[in-house]
Each structure stands twice: as structure tokens, then as C-alpha cells.
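Visitor: The sequence shown runs -7 to 199 under the working numbering. Glycine included, each C-beta is placed from N, C-alpha and C at the ideal position. Attaching a single structure in C-alpha cells format; questions to follow.
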Amino acid sequence: MIVEAHEELIAERREQGKKIVKRYPYDAASSPAYEITYAHQCIAVTLAASLNVSLDILVTTLMCQCRCRLRLLALSLKTLCDEIPGHTATGLRNIGVELFLIDRLRSCIKQHQAALNQARLLQAYFSAPIFGQFSVSMIIICVTAYQLAFSEKIKVAAYEWPWYSCGCRVRRVLLIIVERSHRVVRLRAGGLTELTLASFMAVSNYS
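Right, here's the structure in full:
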């Protein structure tokens, strides 16, 4: 992004750059305005990237917090009778013990309701942004990573010139290129999953 901003600022000096809408109310091509503008672009891109990362961390943290509340609730239900000394199956039918357990259960119900409310708020406020981010990421992967599939057409392009009119040495060199083009260029996500159309369709079907 910084390189693109740099190229756009330089393009304003050329004829085709005059059609670009001015983002600054001054001549950004002269010094020291150029250096100030360049620094402003760098700072703006850095702040935008930091904001994006912070939003991702915020959503993940809130989800982890909701999960922790549910785990604490499960732990409270498992240890519901731990504070009752020497409790047995018949000892839990005592009136005092029942009142104690009812009070503990009411507290668990309140905790459960609070966790459900938090999950509902997460769904209401972050459902659309998460879907948008997922969609944009999917489009970026499809448009960029899968462009490397063009490497499969190299072996076809190698035959689209009059190679048959050349000598054996040229043909042998061309054969090397053709053989190497059988190795398709592919990216791996984390070194595990290949970013291919087949893997993308598999993930889309399961999701």
C-alpha cells in the first residue's frame, strides 16, 4: 500500500497523473510537501492496519470471555455440593441443604443467563463485520493465490511458437521448460493446506 501511494504521488507529476483527484489542498510534488505527504501516508496506513488488528483481537477476546463464563458455570454445577460436609444421596434431602442448593442453582441460572446475553450481543454486533471480513478474505484468496494456477498454461504456451523450425539444441532447451512446467506453482497455508480451487471448494462445501 505504501508503494502504491508513492507511485500515485509520483504519477501526479506526469500527464496521466493530472486526472487523479487531489487528496491534499497543496502541491504534494514539491519539497518539503512531498516528504510531509509521504510521512502522512505511512502513518495513516500504519494506524489503519493497527485498527484492523485491534478489532480482530477485540472480537476474539470477547468470544474467549464468553467461553470462560460458560466453563466457570459448568465448574460451579460440578462442584455444587462440595461445600456440604459429608454429603450423601440421602443427606441432600435435608431442608437446610435443599435451600442451600436452591440458592446455588439460582446463582448458576443468573450466570447462565448473563453468558447467553453476552453471546446474543456478540451475535448482534459482530455478526455482520465477521461475515464481511470472511467474505473479503475469501475474495482476496481467490483473486490472488489462485492466480498462480496460470502456471499450468506455461506448457501450452511453449508450443505456440514455431519451435519445429529450430534445431535440436533449441528443442532440447524448450523440452526442459515443458517438463518443468508440469510442476504447478502452488501456495500452502501454513505449509499444510494447498491454496487450490479443489481445497477452496471443499472448505466451502463443509462450511
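1) Expressed to the nearest angstrom, what Euclidean distance is found between the alpha-carbon atoms of L47 and S129?
2) Rounded to the nearest angstrom, what separates T71 and A120 at their Cα positions?
3) I need the boundaries of the alpha helix (DSSP H) containing T52, first residue and last residue.
4) Can you name, in chain order, every residue of its own chain whose Cβ lies under 8 Å from the Cβ of L54, other than the five neighbours on each side?
5) Could you check if A229 is buried or exposed, using at least 16 other CB atoms within 10 Å of its CB as the buried criterion?
6) On a CA-only basis, which of A150, I146, A36 and F123 is nearest R175? Give me that one, please.
7) Can you list, in chain order, the residues of its chain with a C-beta nearer than 6 Å to that of L62? Leave out the 5 residues immediately preceding and following it.
8) Run through DSSP, which three-state label would E7 get?
9) Nearest-angstrom Cα distance between G124 and I131?
10) Taking all protein chains shown into account, decide if A31 is buried (16 or more other Cβ within 10 angstroms of its Cβ) or exposed.
11) Going straight from the alpha carbon of I87 to that of C58, what length do you get?
12) Mapping DSSP to helix, strand and coil, what is A107?
Guide: From the atom records:
1) Position 55 of the sequence shown, counting from 1, holds the residue named residue 47. Position 137 of the sequence shown, counting from 1, holds the residue named residue 129. So the alpha carbons of these two residues sit roughly 15 Å apart.
2) Here residue 71 refers to the residue found at position 79 of the sequence shown. Here residue 120 refers to the residue found at position 128 of the sequence shown. Distance between the alpha carbons of T71 and A120: 38 Å.
3) For the purposes of this step, residue 52 is taken as residue 60 along the sequence shown, with counting starting at 1. Per DSSP, T52 belongs to the alpha helix (DSSP H) from A25 to K70.
4) Here residue 54 refers to the residue found at position 62 when the sequence shown is read from its first residue. Taken in chain order, the residues that qualify are Q110, L114 and F118.
5) Any property of residue 229 remains undetermined from this structure, which presents the chain solely from -7 to 199.
6) Residue 175 sits at position 183 when you count from the first residue of the sequence shown. If we check each option's Cα against that of R175, I146 comes out closest.
7) Indexing the sequence shown from 1 puts residue 62 at position 70. Around L62: A107.
8) Counting from 1 along the sequence shown, the entry for residue 7 is found at position 15. Note that E7 scores a pLDDT of 48, beneath 50, so its modelled location is shaky; the value from the coordinates is reported in the next line. Here E7 sits in coil by DSSP.
9) Along the sequence shown, one-based indexing puts residue 124 at 132. Along the sequence shown, one-based indexing puts residue 131 at 139. Taking the straight line from one Cα to the other gives about 11 Å.
10) Taking the first residue of the sequence shown as position 1, residue 31 is located at position 39. Burial call: exposed.
11) Sequence index remark: in the sequence shown, residue 87 carries index 95 (1-based). Sequence index remark: in the sequence shown, residue 58 carries index 66 (1-based). Approximately 35 Å, taken between the alpha carbons.
12) Mapped onto the sequence shown, residue 107 falls at position 115. Here A107 sits in helix by DSSP.
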